Each structure stands twice: as C-alpha cells, then as structure tokens.
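Residue numbers (our numbering): 58 to 523.
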C-alpha cells in the first residue's frame, strides 16, 4: 500500500503465506479515503516506513493472523452487531464498499452526485460522491480523458475487476442487494400513499387515529380539508421526504458524542490521533503497583521520530506478555520475593547475547535454595518471555556442597545456561541474568523500576526491607 496525493491509495492485493485471493490472481485497487481516515493511514505508513512490504499492514512484527483477527477484526464485528443486529458480519463491510464503488461509478457517468442520495448519507460519506473524489478514484482508468471519450459499457466490468469478480453478474446479484435505490437517483420518485401504508411505516396499529397527527405534520394542506376529504385524501411524498421523516422518528440524527467530536478534531490535526491512542496509556514516570505497563506515551510519540521505533514496540509487545500483559496477584508476588531486587548493568555485547541491548542486562543476586527455585518457576509460568544465564558464585570453603547439582537439576530449563565461579571470600550466591529480546534500553530501566517498586511494596507489607 502506498499513498498518492494525500487521500488516494493504491492497494495491491495478492497471495501470501497466510492466504490467497478468491480468484488466485493479484490485483491493484484504487481507493480514496475520507480525509479523517487518510490521515490515520498515512500515520501508520510513517510508523512502518522501514518494514518490508510483505509484512501485514495492521499488527506487530511476527503477530499471527489469529491474533490479528481476534484483536483487530473481532472488536469491529462486535460493534457492527451492536449497531445493525446479530446477523451483521465483518465481511458485510466489503459489500458496503462494493455499493459505494458502484455509486461512485454512477456519479462518474452522471457527471455529478444525484441529489436523492445526499439526504440519506452522513457528511463523510456524501463527500465521497464529490466530482474531485470520484475522478481521483478512477483516474487510473480515465488517464486524463473525460468519461465520454471511453467505452462506457466497460464501466461495470471495471467495477467487478476492482472487487476481484470475473463477471459483473457476481457483483450485481450478490453484492449490491437490490437496485431499487438506483432509479430514484436519476428519476424523480414521488407517489401517493394510503393511510394504511403510512400506519405500517410508522408502526401504528390498523385504524389508529394517530395518522391524523402524522398527516398534519407531514402535509400542511391536510388541515384545510373537510372530514370527508381527509378520509379520502392520499398524500404524495418523495422517497427523500419519507426517509427524512422516518429518520427523525427512529432517532437517526443524534447529537455527536464526545468521541465523535474528538474524531472531527483528528481530521484537522495528525497529532490528535496519537492523543486518542495514548488516552489510556500511563506516562513512563507512572507505574501501576502490580501490572507492568510496557506501552508508554513517550514510546508512542517516538514512533514518528525514530525509524526503528516500530521494531522496538514489537519487541516489547512480544516480550512483555503480548495482549495478556504482566500482572501478578498476591500469591505470585510472595513467591517472587526471594529473587530480591532487580539490577541493571552494562556488559560488553557478546556473540551469544542476541537478547542483550547495547550490552545492558537485568540480573538478580539471590541465594541458592528452594525458595528461589519456586520463584523462578513462578517467573517462568508468567507471560514474560525470557531465558536466563545463572552464575554460581561459590565460596572456596564450600566446594563440597551440592549447589551446582541443584542448579542443573532444578533451576535450568532448555534454553537456560549456567557457569560456576569460585570466590575466595564472601557468601555463596546466584547471579541470575535475564536475557530479554528488547531493543529499547529505556524499557529495561522501566521494567527494573517497576519490579523493585513491586517487591519493595510487597516486602513492606510483610515488615521486611530490601
């Protein structure tokens, strides 16, 4: 995907390792986004400027298609069901896009948007029927020529091609869902309605006298008729008039909510999108007591400034629990306490230390006992993705102990490593270095601060100090 002239995007749809197109063929689709949506797309493109084109546009690096569907598509589906009923699905958005494409094609052929469409659409949708937007979307086909210079019979085939349909009949029969909305757009549609029809449209009971009040409001001349004339009167309305009246009855014209007002602000300010994103994110100086907040406002703001920032964000997401996050209950915090304070040190980057960033590593200084074994087991069971290197600093006077065998049997897992150092003086202890595949050095400092705050709070509750 790449932007052209601000709101115009060319989307290349092709087969990937995760799936294939229905026809098996690749195609390029031209789309003109509303300005509010185009700004968001351009912002995401800036975040992923250094990522390969084959990587999914929405999602972290290495995020599976199942996770993307669950956390990006499913919430949209839930909103659709809430707004349009239980049978609404995410795929129905494709059908709505097909109808919009068809309407834009008719605007191109007609030279302007039919007036009958405007009252039934929101301002953002109505803007997509403007001549400038329509010509932008079809400029790849027009190539500087007017529509009258082309074979206009090919327009419907072009609509099908952009949707990936080999035959226009597929678009017409399965995606447009009726054509009754086409004729009113080009021919004046006005007809007479019986009282029974109006009662049905407004949900009234048969024979209800409420029809009188309705007709007084919809038809000013109705009040001047005699009682006998009122019974025989057949009011005449256009589709647009009825749609407007029904919309008021159904409450379609609601005042924009606070979130909608913020979206309108975002249309004129790129930074407003970042504000919406960071609304629920804590500052780097604020830490929740028992939940680690790896996503920070400072980190998000760096996405537009640092070319490799998105890779750093993806690393952090993967290491610190993905969508599950890291949060320990009271029992887990008690089990982790024997590990003690978390330290951060500088260390030369070695060939086997791929997880180290700039030679920095986090480590614990802990005793070698069963409480530490339980603590490491609790840490391994958490969403934190790491492996460790354990160094046994053993006093030379205690070389006959079984500490080394205990480490090999109880503390190490498949990817962990260990070594032993004999010291002349001092107590025997473990140095447990955590290898986190994090490329952002600030996140290591943030995790260290959060851990020590959590352990300090837990120790003070038990009457201990670090």
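Glycine included, C-beta positions come from ideal geometry on N, C-alpha and C. Since this is a predicted model, take the numbers as computed values, not measurements.
Within 10 angstroms of the Cβ of residue 120, are there 16 or more other Cβ atoms? Answer buried if so, exposed if not. buried
Touching by the beta-carbon criterion (3+ pairs, under 8 angstroms), the stretch 262-274 and the stretch 188-203: no
Taking the straight line between their C-alpha atoms, what separation do you get for residue 229 and residue 140? 26 angstroms
Which residues in the same chain as residue 83 place their Cβ atom closer than 6 angstroms to its Cβ, once the five residues preceding and following it in sequence are excluded? 71
Under the three-state DSSP convention, the category residue 324 falls into: Its pLDDT being 49, under 50, residue 324 is placed unreliably in this model, and the value from its coordinates should be taken loosely. Coil at residue 324, not helix or strand.
Taking its Cβ as the centre, do 16 or more other Cβ atoms sit within 10 Å of residue 68, making it buried, or is it exposed? exposed
Spatial neighbours of residue 155 in its chain, beta-carbon cut-off 7 angstroms, leaving aside the 5 residues before and after: 220, 228, 232, 233
Note down, one range per segment and in chain order, each beta strand (DSSP E) of at least 3 residues found wholly within the stretch 441-487. 444-452, 474-480
Which of helix, strand or coil DSSP assigns to residue 341: At residue 341, the pLDDT of 46 sits below 50, so the modelled position is not reliable; the number obtained from the coordinates is stated separately. Coil, per DSSP.
Nearest-angstrom Cα separation, counted from residue 446 out to residue 509: 20 angstroms
When 179, 182, 201, 494 are compared against residue 370, the one with the closest alpha-carbon: 494
Based on Cα-Cα distance, which residue from 95, 204, 459, 138 lies nearest to residue 185? 95
Is the stretch 436-443 in contact with the stretch 369-388, if contact means three or more CB pairs nearer than 8 angstroms? yes
Can you tell me whether residue 222 is helix, strand or coil according to DSSP? coil
Beta strand (DSSP E) segment containing residue 269, residue limits: Not the beta strand (DSSP E): residue 269 falls in the alpha helix (DSSP H), residues 267-275.
May I ask you to report which of helix, strand or coil DSSP gives residue 350? coil
Decide if residue 325 is buried, meaning its Cβ has at least 16 other Cβ atoms within 10 Å, or exposed. Note on residue 325: pLDDT 48, under 50, position unreliable in the model; the coordinate value appears next. By the neighbour-count rule (16 or more Cβ atoms within 10 Å), residue 325 is not buried but exposed.
Please classify residue 273 as buried or exposed, where buried requires at least 16 other C-beta atoms within 10 Å of its C-beta. exposed
Give the list of continuous beta strand (DSSP E) stretches no shorter than 3 residues that lie fully inside the stretch 71-125. 84-89
Give the DSSP bridge partners of residue 419, in chain order. 401, 491
Local conformation of residue 202 per DSSP, three classes: coil
Look at residue 456 and residue 479 and say whether their C-beta atoms are less than 8 angstroms apart. yes
Where do the ends of the alpha helix (DSSP H) carrying residue 134 lie? 131-141
Just tell me which of 489, 392, 262 has its CA closest to the CA of residue 425. 489
Range of the contiguous alpha helix (DSSP H) that encloses residue 435: 427-438
Less than 8 angstroms between the CB atoms is what I'm expecting for residue 303 and residue 244, so what's the real figure, rounded? That belief does not hold up - the Cβ atoms of residue 303 and residue 244 are roughly 21 angstroms apart, past 8 angstroms.
Residue 122 versus residue 366: straight-line alpha-carbon distance, rounded: 22 angstroms
What is the DSSP secondary structure of residue 510, counted as helix, strand or coil? helix
Suppose the cutoff is 6 angstroms on Cβ atoms and the five residues either side in sequence are ignored; what does the same chain contact list for residue 404 look like? 416, 418
State the DSSP-derived secondary structure class of residue 64, mapped to helix, strand or coil. coil
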